[in-house]
Structures are given as structure tokens and as C-alpha cells.
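Read top to bottom, the protein sequences are chains A and B. Take 422 as the starting number for the first sequence in my numbering and just add one per residue. Take 422 as the starting number for the second sequence in my numbering and just add one per residue. Some notes on the structure that comes next.
Protein chains: 2
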Amino acid sequence: MKKTVIAFFLTLAFNYCWAQTLLPATQPNLAQKAMIKRGYGMFIHFGINTFNETEWSDGTLPLSSYNPSNLNPDQWVKTARDAGFRYVLLITKHHDGFCLWDSKYTDYDVASSPVKTDVVKAVADACKKYGIQFAIYYSLWDRHEPSYKDKDPQKYTNYMLNQLTELFTNYGNICELWLDGGWDRKPQDWGIDQVYKLVKKFNPACAVSVNHTIESTVGKRNFTLPSNMTEDNKYFFQYFPSDFRLWDPMLITKFDKKQYLHEGQSYYLPFEHTICLSKRLNWFQKAAQLPVRDIDELEELFYWCTDNDNSLVINVPPDQTGRIREYEANAVIGLGKKLGLSLKKPLPANGKFISFNRLVTASGVGIEKGKSFEASAINDGKLDSRWLAKDTLASIEMELDPTQSFNKISIFEYQDTKKLSDGFSQIRVPRIQQYSVDIMQNGKWQTIYLGDEPMGDCKVIRLPSRYQTSKLRFKVLKASALPSINEICIIDMPEKG
Amino acid sequence: MKKTVIAFFLTLAFNYCWAQTLLPATQPNLAQKAMIKRGYGMFIHFGINTFNETEWSDGTLPLSSYNPSNLNPDQWVKTARDAGFRYVLLITKHHDGFCLWDSKYTDYDVASSPVKTDVVKAVADACKKYGIQFAIYYSLWDRHEPSYKDKDPQKYTNYMLNQLTELFTNYGNICELWLDGGWDRKPQDWGIDQVYKLVKKFNPACAVSVNHTIESTVGKRNFTLPSNMTEDNKYFFQYFPSDFRLWDPMLITKFDKKQYLHEGQSYYLPFEHTICLSKRLNWFQKAAQLPVRDIDELEELFYWCTDNDNSLVINVPPDQTGRIREYEANAVIGLGKKLGLSLKKPLPANGKFISFNRLVTASGVGIEKGKSFEASAINDGKLDSRWLAKDTLASIEMELDPTQSFNKISIFEYQDTKKLSDGFSQIRVPRIQQYSVDIMQNGKWQTIYLGDEPMGDCKVIRLPSRYQTSKLRFKVLKASALPSINEICIIDMPEKG
């Protein structure tokens, strides 16, 4: 017992001394370990944009417009707790520079608005009350703050250090700092190392990162999608130091690697996903009520994103009254119930995938704008690559290992995305209308599932028993446009206890 | 202990002596008690029609056409057992007169066909093997048998008595006899009383009935839909004696009564529902693979039909190979798993309905062919009455008792039914495309569910927590035709243990 205690304090001391910079590693550090354990958080976009039907604003929106009629941060965090989230990630300041707390360093904040509640405090307090952790988003890019325009970038860095000192000293423990908007100036001009050191001084276990953490070529701002990063030690830090990788709202490959380079050294970095609960890509809540993602898609994305020591944050934004909408709360609480989430248990995992990179043959391969969308995309472990059929009546066959069984099939249909007039919102339009899943049994195709409902955002077919086969076929029987599929996952899911 | 044993034998003796006719009663008799306990059966339509793409045939189809390539009645019954059915109801002879067993009294049977397997025996044996009960369907109407055309109706009655004697003596215990096609001659010309007596001689616990059991006026063949029969002692036997009511494939009202009249006496009669697993009304299997009903609709219909001491039979017909199709087997097995069916437990029940006959107000009431479809239809306990909106953007409000809670909402959308060219098959076409469920809270509407997926055959909204409200609203946000709804059920569902 004594030895353990001593070891613990040594580790703590070591981490404390060294935590102010990031060390080369092949294993998670203190902050990363805590982050991996958390795994599942609720993103809360709330601010002056909420009241102006916009995603981004330029720092000139009048303070009087921030005016929630029934502000209730307790309800936000209670919803997060009820839904099984382990932390909330609150916007404290977005690109517009509006601060959700009473900051000494600006008047563009809640304290100068009609509703003066310190939202950061209210959320931090509710997190303590409900026993979940508190994380903050802070925008590097600031379209309001005058020092931002100063020729000397250190002026604005000092502004940030001052504000972050307020945040890290007045609101209890903060488990994560999410920095955004770095594209607006050169990476080295933000003073990320100073920010990192400051934060670690307050809390060595706080995980820090900047959106678009990783680049493909040093100093070039060339990017490779996270779904393509299947190799260690091939990509580089754009912002150093960062404890984890971000690329909002991209999804990782199932073969996600963790080693990234900085000045010739290799560092361990998990990935944190950020997705919207809404089917449309909407971060700040809109006056219109928008549909939420299907629970099946949410469940499969949960597994996909929290697997392999990565984590997932789902955006559930409060509306203009200052509350999370009831039907959105119901969606995440229902998801948590379906997943059986509990703070007392580790996050649940998906079953075993038996489909990755198996030989695939399609009835045809479509070409769009000179690019051919090959069949092999459907089981490459990437949700953003896709097969495109050549005909609306199409099929695709996958060879499987007949000694491996499966009882669940998740199909991510590629859907057309239409951008709406606000420049941010999107809707998804499905193509496939009727379809079957067939397996080869004794030389004949046998249909194990026949569907005439739309596939939705993700079609999950749960079979009541396990199958084994040498070949599986997905057949489109009716479609309104050329069928296209991102991924077909063949999974062996353990029975629930 | 002794007293119980004596009482049991007295009951048995009493029932045996009197079972050969039906007695006036307000409680179930021996056969009815056993039937109510069974509750859930699998209908098996299989015969010469299976091989001729038809629902009915006239008795002239060539025997050579009955030719299953891979006949496997064991698989049928194993599927039934795996799905939690407590009995199978096998077609032994349909209107075409083709017999699924080797009958001494006709050559129009399996024994004279290319595949001579005695299907009745194979199914009866499999039922013993898998521990479920065996019931038979036998058509009164016979379009093949020469004696049927004899002026003396007793000639054909004798044929039936002979065949039923074969069935009841050679295949072990038969729990139910389902007679059909009675419309083809006068009720008194079938010799139903002789059939009933014969069957009861072999097995007093066998439940016997004739399709379209009940009429509205004695001897007139006027019918009232089962969904309208909410009064005891108002309707009459068309076929006497019958142990239960049938009207294929109609659904009962939630306020189903049990007392029916015959010659001034009142008799107790439960109802047995028969529905198709297929979304289309297809009894015999077709070459084309047809989609099955959504699992949510099956679950809600299960509850609706097995509630109140009635029972449900789902048709799962084998195909031309002689097997139940895998995807159809998966559908019923998946349903059984979802319901948690087990031979060791009573059938599960739905939660408490808090919506019936509450005051309803619609945004408008549509008129079709001079008939107006009133709002009150949506909570009258009948799945075949309906409200029709006056505009595609419509809403309907229901007053509720705010002291009663609910956590599930089942909505049966009325769908247009298109008859296909075969004269039997139907497809259903939904209308509603986007919708919300709102409740009145502190004088404001609050959306608790927002859907943009089609409502399907039955939309079941499972809320993660219980609500109470004085008023609930269903609002149609988008529809392709005037929305119409059969029933909205507001239910308080106990949590699963």
C-alpha cells in the first residue's frame, strides 16, 4: 500500500514538473489518460449567435440581442447527466469574442448584456452538482477584441492568457481546453505554448488542443482527412503542444493511429470527435426546430468515435429561451438508455467487425466529375469514402471468412447534402428506397433482410441469430438516384447480459 | 390436495359430457380457456396455390404443380418455436380442395403429387418435437370434391366428417379447428353441429370456429365489423356452435365484448385475429420477396390483439422451395425476442392507455365521398376508424388527465391501400412526412418528439421519461396528401425489469 502511495505522488510530481510541455511518448500522459476515460461529452454552443440565427458573427452584434427569456444552465447539465455524458464542453467565447462570463478584460460579455448570469459559473456549478466534468471551448480568433488587430501578436496573446487565467482560477476544475479559429493567423503567432503552459500550471490533468491540430506538411497548412490517417509518424503538429487531435466535425478511420511528429520527435495523440445532434450541421441553435439524427446512427457513431481510445462530443445547443429543447434532450437521454451508459461502468463497445478490407465486387462503379468511386470503399474503415453504383438497380458482394459469425449489419448510405441559404445548415437526402441483404448458403443466395423503409442516416440490421457465410450481398431494389454507400459493417455483437 | 384432484376430475367429466355442444356461459369453457392461454400462433398457408402465384384456385390446378424442391416442415415449426409462438395453425385443405395429407377420400392430395410427404404429419410431429401445440385450418368450401355439388348437402358433410376423422385420429392432439369459406352455402347446410360434435368427441379441449362467426341480424348475413362490437348480447351466431369468433383479417376494438346470442341464450366467445406478416395482404407465398411489417407495428398489434383474452395468429407462409424464408423467420424471431416471449411466462401486455375517448379537437375535418372523418376517431379504440385532415398542414389536440403519466405513444397512420393486379395483394402508401408531438406545459407547447422519417405502419415513440400534461398535440409539418390517422394511443409502459 505504502509503495503505491509513494509511486502515486512521484508520478504526480513528475507529471506536474513536466506537464508544462508535451513530451515524446507512445502512451497517454496524465491529461490524455483522463480524457480517454471520460470519452463522451456534451458540446454546448450558446452565445450571442444563438439570438441572431447565425453560426458565426463578426463581433458587432449588439449586446442587447443576447437575451434568453428563461436561462437554465442547470437544465443543460442535468440533461447531460441524464444522458450519460461524462463532461460538458461549454463555449465560453466564440469567434465573435462575446464572453459567457463576466470578464475584467472586455465589456463584450454577459455582464454587459440584459441577462447578466455568469453562464460559465452556472454550468461549472451544475457540473459539480451533477457529478460530471467541466470542459471549455475558447476561440483563438476574436473578431471583437481590439488587441487582436495589434501588429504585435503578443498583445492579443496576453489578452487570452488573462482571460484563461480568469477561467482557470474562478470556476473550479476544468478538464479540457478546446481552442478554435487558428486559421486566422500563422500558427506560431497565437502563443499556443504560452497558453499550454499557463493551463498546465493551473491543472496538469487538463487536456489542451487546437482545432485542425495536424497538418500533412510542416508549416504548409496542407491537411489530410482524419479518415486517411492510418499511419504512425507520417503527419505533423500544426499547433504544438496539443494533447489531442481535433478536426471538427470529421470522423476518424477505424484504423486510427496515435503517433504524430514535431521536430523529429513522436508524440501520442488521441482524437476527439465533435458532431451535431441535429441532422443538419448546426452548432448554435436556430429558431426553427430541426430534426435530430436517428438513434441508430447515433449509436453506431458513438461506438465508432469512442473506440480505440478516442472520444466523442455531441453538440446539444440550448435555444433562445436558454433551455435545451425537450425533444433534443429526449434524443440523447434515449441514446444513453439504449447504450446502457453509467458513470460507474466503462463506455460500452461495439461488437467485432469481420468485414474490413475483405474482397468486394460491385455490379458497377459510377464516375462523377471524372472520379470513379470504387467498391472497395464500402469496407475500408472510413465513413467518408464511398462506392457509387453505375445503375439504380445495383448490388455489391463482399467475401467473408465463413468461420466468423455476425449478427449485426450497419450500413452508412451516402446521402446528398444540400447547403441551405444560411451558408452553414445542411440537409441530407437519401437515395436508396428498397434493398435486401443476402448471404450465400449452399451455392444459393438467401435473403436475410428485406427493407422497404428508407435506410436513414445509418441502417442497423440486428439479426436474431448469428450467421456465417463466404459471401454477403447488398442489393438495391429501388432507388431515386445512383446508390452510393460509405460503409457496410458486418459485426459480431455480444448478447446483452 | 385430494379435494383439488377430485374437483379436477369432476370438471373434466363434466366438460367431457357437455363439450359436444356449446353451453350458454359468461366464462370461458375448457377449450376457450386453453385457447386464451395459448394466445399467439403462427398461421401456415401452404398448398397447391403456393406453386401457382394465387390466393384462391378452383380445384383444377394440376397436381404436378405442387412440387416443393426442398420441403422442410421441421424448419417451419422450429421457426415458430424460436419466435415464441405457442401453436401453429396449418392449412390442411384450402378452398381448392387440395389436401396436405394422404386422404382416403380424395386423390387431390399430396400423396398423388410429385412430393408425397404427408405435410400434416410432418408438422404435427415437429410440434411434438418442439413442444408447441398444433391447430388446423380446414375449408368448408371445396371447389374440387364432387360430393360438394350434390343436391343433398349431407353428402359433402359426410365427406368433411370423414376427412376430419382422419385428421383428428392420425395426427395426435389438435388444439383448434379453423373452418373457412362458409359464405358459399347457407349456414345450416354445412352441418356445423355435426362437425363440432365429432371434433369434441376426439378432443373436448379443441376450440372450433367458422370464419365470419357473428352476424348482426339472425339469418341475414349482415355483418358489423369487430371493431364496432362494443356491446354484449347485441350480435348473433351465424354458425352455431363456435367456440370463438373469427373475421379474417379484421381487428377488434379495445373495448371488445364477449357475449353473443343464439336462440335467446348468451354465450362467451373470445376473438382470434389473423394477420399477415407481409405488409401486403398475402396468404400464400409468392415468388417475389415481399417486405414484412415493421417490428414496431407487429409489437403494437401483438399487444392489441392478445389483450383482453383474445388471440393473434400471424401468417408466415413457406415459399415454393418448401421453407419459410430466412428474412421472414428473422422478422418473427426478432419480434419474439423484443417481446421477451417464453413458453414459461404469460404473454406480455402493453402499458396502460390513458387516451381513450378523451376530448379531441382537430385543425379541420376532411370529407371524402360525402362522409366526414371526425377527429374523435383517433382515440376511440378502433384501428379502422380514422380522422381525415382538411389541409396537409394539420394538427390535432387531445385533452388528457394531467394526473396520469405516459412514456409511449403509438400512432397508426391511415395509409392508402392499392390493390395489385392479382386482386388480392395490396401495398400501403403513407402520407405524413414530418411531424411533431407537443405537450402543453405552463401554457406553452413544448415539442417532446420531432420526426422527419416516414411514420411507417405504426410509429412508436418511446420517451425516456414519463410526462404528464393536460393537452397533447400531434402536428403534421409536411405531408404528401391529406393526413389521416386511425389511432393515437398514449400509453404508460412499465419499465422492463
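Here a beta-carbon is modelled for each residue, glycine too, at the ideal position from N, C-alpha and C. Bear in mind that the values here come from a model prediction, so they are computed numbers and not experimental data.
Measure the C-alpha to C-alpha separation of residue i and residue j and round it to an integer number of angstroms.
i, j, result
"Glu908/A", "Glu818/A", "13 Å"
"Ser486/B", "Asp740/B", "14 Å"
"Glu747/B", "Val850/A", "31 Å"
"Asp372/A", "Ser560/A", "In this structure chain A extends from 422 to 918, so residue 372/A is not present and cannot be described."
"Gln836/A", "Asn591/B", "59 Å"
"Pro567/A", "Arg606/A", "15 Å"
"Phe658/A", "Trp477/A", "26 Å"
"Val781/A", "Glu820/A", "6 Å"
"Asn579/B", "Val734/B", "29 Å"
"Gln615/B", "Leu582/B", "8 Å"
"Ile457/B", "Ile595/B", "15 Å"
"Gly755/A", "Lys917/B", "15 Å"
"Leu764/A", "Ile745/A", "22 Å"
"Trp562/B", "Gly480/B", "11 Å"
"Ile696/A", "Asp728/A", "15 Å"
"Gly785/B", "Ala708/A", "27 Å"
Within the 7 Å Cβ cut-off, does residue i reach chain A?
i, result
"Met422/B", "With a pLDDT of only 48 at Met422/B, under the threshold of 50, the placement of this residue in the model should not be trusted; the figure read from the coordinates follows. False, the Cβ-Cβ gap to chain A never drops below 7 Å."
"Glu747/B", "yes"
"Gln710/B", "yes"
"Asp873/B", "yes"
Could one say the Cβ of residue i lies closer than 7 Å to chain B's Cβ atoms, at least one of them?
i, result
"Gly755/A", "yes"
"Asn751/A", "yes"
"Lys758/A", "yes"
"Ile869/A", "yes"
"Pro393/A", "The question about residue 393/A has no answer, for chain A in this structure spans 422 to 918."
Should residue i be labelled buried (16 or more other beta-carbon atoms within 10 Å of its own) or exposed?
i, result
"Pro767/A", "exposed"
"Asn778/B", "exposed"
"Ser901/B", "exposed"
"Glu597/A", "buried"
"Asn654/B", "exposed"
"Met422/B", "Since pLDDT at Met422/B reaches only 48, below the 50 mark, its modelled position is unreliable, and the value read off the structure follows with that caveat. Exposed."
"Asp859/B", "buried"
"Thr500/A", "buried"
"Arg507/B", "buried"
"Gly518/B", "buried"
"Ser831/A", "buried"
"Lys550/A", "exposed"
"Pro823/B", "exposed"
"Thr527/A", "buried"
Identify, in the order they occur along the chain, each residue of the same chain with its Cβ nearer than 6 Å to the Cβ of residue i, setting aside the five sequence neighbours on each side.
i, result
"Asp878/A", "Arg714, Asp715, Glu718"
What are the residues that DSSP puts in a beta bridge with residue i?
i, result
"Leu667/B", "Glu693/B"
"Asp837/A", "Val850/A"
"Arg894/B", "Glu818/B, Asp859/B"
"Ala446/A", "According to DSSP, which records beta bridges pairwise, Ala446/A is partnered with nothing at all."
"Met581/B", "Met581/B pairs with nothing; no bridge assigned."
"Lys736/A", "The identity of residue 736/A in the sequence shown is Asn, whereas the question assumes Lys. According to DSSP, Asn736/A bridges with Phe464/A, Cys697/A."
"Trp599/B", "Tyr558/B, Ser630/B"
"Lys829/B", "Arg883/B, Ile912/B"
"Phe657/B", "Glu636/B, Leu682/B"
"Asn643/A", "Thr638/A"
"Tyr508/B", "Gly462/B, Gln554/B"
"Cys548/B", "Cys548/B is not bridged to any residue."
Please go through the same chain and pick out, in chain order, the residues whose beta-carbon is closer than 8 Å to the beta-carbon of residue i, but skip the five residues on each side of it.
i, result
"Ser905/B", "Gly787, Phe794, Arg807, Trp808, Leu809, Ala810, Glu834, Tyr835, Arg852"
"Arg666/B", "Ser630, Thr634, Ile635, Pro647, Tyr681, Leu690, Pro691, Phe692, Glu693"
"Pro445/A", "Gln686, Ser687, Tyr688"
"Glu789/B", "Leu809"
"Val897/A", "Ala810, Thr813, Leu814, Ala815, Ser816, Ile853, Gln855, Tyr856, Pro904"
Are the C-beta of residue i and some C-beta of chain D separated by less than 7 Å?
i, result
"Lys803/B", "Absent from the structure is chain D; the protein chains it does hold are A and B."
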